[in-house]
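Protein chains in written order, with UniProt numbering: chain R, 1 to 82; chain H, 1 to 650.
Yeah, the Cβ is synthetic: ideal placement off N, Cα and C, and Gly gets one too.
All remarks here apply to the structure that follows.
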Amino acid sequence: MSVRLDGDVIRLEGPARVEDAEPLIALLQAGERRAVDLDGCGPLHAAVFQVLLALRPPIRGTPADPFDARWLLPLLAPQPGP
Amino acid sequence: MNELLEQFLVESRELVQAAADDLLALERNPGDPARLDGAFRAVHTLKGSVALFELAPMGAALHAGEDLLEALRRGAAAPDRVAMDTLLALVGASEAWLESFAADGRLPEAAEAEGRALESALRARMSGVAAPSAPPPAASQDWLPALLEREAAAIARARTEGQALTALRYAPSPDCFFLGDDPVATLRALPGPIALHIAPREPWPADGPAPFTCNIVIEAVFAAPEAELRKGLRLVADQVALAPVPVPAPAPSGPGLPAPRGLRVDAARVDALVDLAGELVVARNGLAHLVARVGEENPALARALAESEAGIGRLAERMHRTALGLRLVPLGRAFARLPRLVRETAGGLGKEVTFTVLGEAVEADRTVVDGLFDPLLHLLRNAVDHGIEPTGAREAAGKPRTGRITLSAAREDGGVAVTLSDDGAGMDPARLRAVAKARGVADAATIDALDDREALDLVFRPGFSTAGAVTAISGRGVGMDAVRAAVEALGGRVTLSSIPGQGTSVRLLLPGGAAVMGVLTVRAGGELYGIPAETVAETARLPKAAIQPLGAGEAFVLRGRTLPVLRLAALLGLEPAPRGATARLLVTGGGTDGVALEVEGFGGRLDVLLRPPQGLLRGLPGLVGTALLGDGSALLVLDLPDLLARAGAA
């Protein structure tokens, strides 16, 4: 997978691997409220998914992998409450 | 009782039984991996479902049992006798707890202490071996209720489609990324997800997640059987817990899905179906009568009707047989708990016994199978306690140290024969006679007149017990007379044969099931009764004057034969109605010892669905069974030979 910064948006493209987690963390922590665009990416690796779950950036797009789109994406939706 | 609890009890009893079966098989064949897996699964699943209720002591003990079984599977503990004893004790205790929970809605007071004792005994079998480090968090099933609540909507939706649901908790080990695991990929490969929730295992570090430490816990529900999920999870089996989602109501399996088990149907519904099917058979009798009437006016129409009537008749009878088949259950149901009880009994007496069960698949009516457990249990205890000799005595007699007891069932003459035989000391007729005399079971002259075979039957007399000392095992104030009474109440017979020094064999002949029987309905003492048509040779209407006094009774002459006349009402302990101008008699037997029974009226011939007497009627003398009539009333069907024997007339 490639992790690419496109303006204020981090784009994830292609299949995610465990080593994509580290650059993703770095990009997310470097810029305030950067969104992550998942359009067409995946399947997501647990290591990458875990980063998104922990840092909860705004998510855009729909992953290409049907499992990710159906089951993982809803878990990354903004949570109600604090 | 709510449905969840009911389902839990049904399944838990099955699991306890399955665990016991596997453990006993394992004892015979130590290290059998299939049995070990089976026992583990049963205990594991039981532990899982126990978590849904307030059964903490039971859950803790089962957890220890699961750990021990797991250690056995890994080869980290030895499947020795002590380990098996402890595991079987756990199974026995679980069974008792379940019954107490079913009865009172809670565990008995002693359960906590008992559970702790079991737990430490089980853990003790694992000490000295590399015990698994702290049990993985996934191993406890505290998670299940919360998961079920959170995913209730998804579960309810999936359930309407009638699928078997399994809940998963998967806590990947923190270093799993280094091992090349991708928990999400594992998850993706599992069939039929219907709910998924992923949460951090520990709070995220303030400076963001560690990229190479897996810190998630996955909880999910799948519309797939546990076994199938386990396949997909086998590489991470130590990190996952699976539990079937309890089903609140029997769910039919979806189209195309193989049903994991049969459909559970309330027994009362089956009975209702059997009754309806039986009534259909009876109602069709009425049709035959109408066809005959039509025949007088329109022979062509009558022929067509008769053909159609015969077709309906065949279908009705087939339907009736099929419905009756629903009541049939395998005898294995009554046999299942016996191996464990034999083992316990033999262990308590310090005897060695091999117990073999044959013919568990033979089927009989549910009433018969359920009623068989108690008499069999008593017979088995007798066999172990009094039949099989102590090891020393066996060796002295040149027999193998280990006694053999065999329980076998086979279909026979439309019924079922259950035989329990042992290769023990056997019974000595001379000793039986002496004991019977000493206990005053009958007077000495009568006892001396018995041949050896008849002497064996003395053990069935009330108040007879051959045990020199009443033992804790079988001396509980229930004798062989109780066994005979129980078997006869089921419509069966008990016979005994024994060869001194070689063993004893008890044979129970039982009815196979409820059956359609042709009965003649008669009126006696103002009540309607059924009499099996096969026991009636003929019926007669005679002028009052044809009946003449003979000795203390009455008699009449039928084709040169003098037959005693008895009043059916009197045999039944009812007040006979005064005799009118015509006496109505039915003649029994047909042989030389025929008897004429006077009744107050004849009804007609009916095909009825005969059921073994149940409840209060059980053990009532002179009763074959009951039948439901078209108007919903019950008909008592009489056992004429028995009634006459009791009256001393046959």
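{"Asked": "Would you give the residue range spanned by the beta strand (DSSP E) that PRO564 of chain H belongs to?", "Found": "561-567"}
{"Asked": "Contact check, PHE464 of chain H vs ALA482 of chain H under 8 Å by CB: the rounded distance?", "Found": "Between ALA482 of chain H and PHE464 of chain H the Cβ distance is about 11 Å, and since that is not below 8 Å, they are no contact."}
{"Asked": "Listing by chain order, which chain C residues have their CB less than 8 Å from the CB of PRO43 of chain R?", "Found": "Annotation note: the requested chain C is absent from the structure, which comprises protein chains R and H."}
{"Asked": "For ALA111 of chain H versus PRO191 of chain H, is the C-beta spacing smaller than 8 Å?", "Found": "no"}
{"Asked": "Under 6 Å Cβ to Cβ from ALA64 of chain R, same chain only, skipping five residues before and after it: list those, please.", "Found": "GLY40 and GLY42"}
{"Asked": "Less than 7 Å separating the Cβ of ARG343 of chain H from some heavy atom of the ligand NAD?", "Found": "Although the ligand NAD was asked about, the structure shown includes no ligands whatsoever."}
{"Asked": "If you check the beta carbons only, do LEU36 of chain H and LEU72 of chain H fall under 8 Å apart?", "Found": "yes"}
{"Asked": "Could you check the C-alpha separation between residue 681 of chain H and PRO532 of chain H for me, to the nearest Å?", "Found": "There is simply no residue 681 of chain H to check, as chain H begins at 1 and stops at 650 in what is shown."}
{"Asked": "Counting C-beta neighbours from all protein chains within 10 Å, is the total for HIS45 of chain R 16 or more, i.e. buried, or is it exposed?", "Found": "buried"}
{"Asked": "Using DSSP's beta-bridge definition, name the partner residues of ARG605 of chain H.", "Found": "H:LEU520"}
{"Asked": "Taking the alpha-carbon positions, what's the VAL624 of chain H to VAL368 of chain H distance?", "Found": "14 Å"}
{"Asked": "Report yes or no: is there a C-beta of chain R within less than 8 Å of the C-beta of PRO193 of chain H?", "Found": "yes"}
{"Asked": "As a quick exercise: from H:THR626, H:ALA569, H:LEU610 and H:PRO33, pick the residue whose alpha carbon is nearest that of GLY601 of chain H.", "Found": "H:ALA569"}
{"Asked": "Kindly say whether PRO137 of chain H, judged by its beta-carbon, lies nearer than 8 Å to any beta-carbon of chain R.", "Found": "Residue placement at PRO137 of chain H cannot be trusted, given a pLDDT of 43 that sits under 50; what the coordinates show is reported in the next sentence. Not one chain R Cβ lies under 8 Å of PRO137 of chain H."}
{"Asked": "Which chain R residues are close to GLY208 of chain H, counting only those with a beta carbon under 9 Å from its beta carbon?", "Found": "ILE25, LEU28, GLN29, VAL51, ALA54 and LEU55"}
{"Asked": "How many angstroms separate the CA atom of GLU13 of chain R from the CA atom of ARG70 of chain R?", "Found": "18 Å"}
{"Asked": "Using the rule of at least 16 other Cβ atoms within 10 Å of the residue's Cβ for burial, across every protein chain shown, is GLY105 of chain H buried or exposed?", "Found": "exposed"}
{"Asked": "Taking one C-beta from the segment 527-544 of chain H and one from the segment 443-461 of chain H each time, how about it: are there three or more such pairs within less than 8 Å?", "Found": "no"}
{"Asked": "Any beta-carbon of chain R closer than 8 Å to the one on PHE177 of chain H?", "Found": "yes"}
{"Asked": "Thinking C-alpha only, which one of H:PHE335, H:LEU349, H:ARG340 and H:PRO339 is nearest ALA364 of chain H?", "Found": "H:PHE335"}
{"Asked": "Output needed for ASP271 of chain H: all residues of its chain with C-beta closer than 8 Å, excluding positions within five of it in sequence on either side, in chain order.", "Found": "ARG327"}
{"Asked": "Does the beta carbon of residue 653 of chain H sit closer than 8 Å to a beta carbon anywhere in chain R?", "Found": "Only positions 1 to 650 of chain H appear in this structure, which leaves residue 653 of chain H out of reach."}
{"Asked": "Would you please verify whether the beta carbon of LEU196 of chain H is less than 8 Å from any beta carbon of chain R?", "Found": "yes"}
{"Asked": "Do we get a CB-CB distance below 8 Å when we pair ALA64 of chain R with the residues of chain H?", "Found": "no"}
{"Asked": "Quick one, which of H:ARG230, H:VAL494, H:GLU527 and H:PRO339 has its alpha-carbon nearest ARG28 of chain H's?", "Found": "H:PRO339"}
{"Asked": "Starting from GLY415 of chain H, trace the beta strand (DSSP E) in both directions and tell me its first and last residue.", "Found": "415-422"}
{"Asked": "Classify ALA121 of chain H: buried if its beta carbon has 16 or more other beta carbons within 10 angstroms, exposed otherwise.", "Found": "buried"}
{"Asked": "Which residues in chain R sit within 7 Å of ASN215 of chain H, going by Cβ to Cβ distance?", "Found": "GLN50"}
{"Asked": "Does the Cβ of PRO66 of chain R have 16 or more other Cβ atoms within 10 Å, making it buried, or fewer, making it exposed?", "Found": "exposed"}
{"Asked": "Using only the alpha-carbon positions, how far apart do MET517 of chain H and ALA20 of chain H sit?", "Found": "41 Å"}
{"Asked": "Expressed to the nearest angstrom, what Euclidean distance is found between the alpha-carbon atoms of ALA288 of chain H and LEU620 of chain H?", "Found": "35 Å"}
{"Asked": "Name the one or two DSSP bridge partners that SER2 of chain R has.", "Found": "R:GLU13"}
{"Asked": "When burial is assigned at 16 or more other CB atoms within 10 Å of the CB, is residue 654 of chain H buried or exposed?", "Found": "Nothing about residue 654 of chain H can be read from this structure; chain H reaches only from 1 to 650."}
{"Asked": "Starting from GLN548 of chain H, follow its DSSP beta bridges and name the residues at the other end.", "Found": "H:ALA555"}
{"Asked": "Suppose you measure from the CA of PHE355 of chain H to the CA of ALA485 of chain H; what does that come to, to the nearest Å?", "Found": "25 Å"}
{"Asked": "Quick check on LEU52 of chain H: does DSSP put it in helix, strand or coil?", "Found": "coil"}
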